[in-house]
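Working notes, beginning with the structure itself.
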Amino acid sequence: MFGKEPENQAVAGGQTSIIAQGCKFDGTVQVGGTLRIEGEFKGTIGRPESLVIGKTGVVHADVKVKNAIIGGQLFGNIIAENKIELQSGSHVEGDIKTKRLVIDEGVFFEGNCSMGAKAPGAGSPAPSSSSSSSSLGAKQTHHEAIKK
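Numbering that gives the first Met the number 0 numbers the first residue of the sequence shown as 0 and each following residue consecutively.
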């Protein structure tokens with residue numbers, strides 16, 4: 000009984016493809032549904048519906064998805080149509096562009112962030128880009144202040 004419920008839920012929400020802990024993958028991966036990475040991945044990720052980088056996952060790629068949950072490490076830019084969630088302990092080095100962003104306490108993030116109601120890639124107005132640059136300047140100043 001309990002074994003069938005999660006299986007049915009997974010099918011209703013699409014298939015889940017997994018790169019397991021201990022697995023290293025270099026190349027291109029194309030999936031529909033959800034891609035879950037618990038191992039190491041370097042390369043190109045086709046447009047999965049959702050991306051989940053588990054606590055042990057390490058990804059070196061630029062990513063375009065509808066939704067993402069990051070609990071591990073991401074080195075690259077990420078664009079999500081709907082939502083990105085950075086879980087406690089995650090490490091992200093790259094730019095983020097999304098409508099909604101959730102950042103838990105204990106996240107490391109180095110990069111620029113663009114948010115808004117418009118879908119990513121729809122052509123952000125220039126003032127929005129300027130504010131991203133300003134926030135990066137403030138962040139650099141903050142880091143310099145900490146070092147002193």
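Don't be surprised by glycine CBs; every beta carbon is placed ideally from N, CA and C.
Note that the structure is a prediction, hence the values are computed from the model and not measured.
Query                                                                                                                                     : Result
So if DSSP puts L92 in a beta bridge, which residue, or which two residues, is it bridged to?                                             : A quick correction: the sequence has Glu, not Leu, at residue 92. F74, E109.
Residues in its own chain within less than 6 Å of Q86 by CB, not counting five upstream and five downstream?                              : G70, D103
The beta strand (DSSP E) that contains A67, what's its start and end?                                                                     : 62-69
Provide the residue span of the beta strand (DSSP E) that contains D103, from first to last.                                              : From DSSP, D103 is part of no beta strand (DSSP E); its letter is neither H nor E.
Mind listing, in chain order, the continuous beta strand (DSSP E) runs of no fewer than 3 residues lying wholly within the stretch 16-68? : 23-28, 33-36, 39-44, 49-52, 57-59
Since L73 and V91 are thought to touch, with beta carbons under 8 Å apart, how far apart are those beta carbons, to the nearest angstrom? : 5 Å
Comparing alpha-carbon positions, which option in N66, G53, T15 lies nearest E37?                                                         : G53
Is the closest heavy atom of the ligand PLP to the C-beta of N111 under 7 Å?                                                              : Because no ligand of any kind appears in the structure shown, any question about the ligand PLP cannot be addressed here.
Is the beta carbon of I83 less than 8 Å from the beta carbon of A67?                                                                      : yes
Quick check on R35: buried or exposed, where buried means 16 or more other Cβ atoms within 10 Å of its Cβ?                                : buried
If you check the beta carbons only, do G13 and G31 fall under 8 Å apart?                                                                  : yes
Considering only the alpha carbon of each residue, which of G105, G93, T97 lies closest to N111?                                          : G93
For A79, which three-state DSSP category applies?                                                                                         : strand
Contact check, K98 vs N81 under 8 Å by CB: the rounded distance?                                                                          : 6 Å
If you draw a straight line from the C-alpha of S16 to the C-alpha of T33, how long is it?                                                : 6 Å
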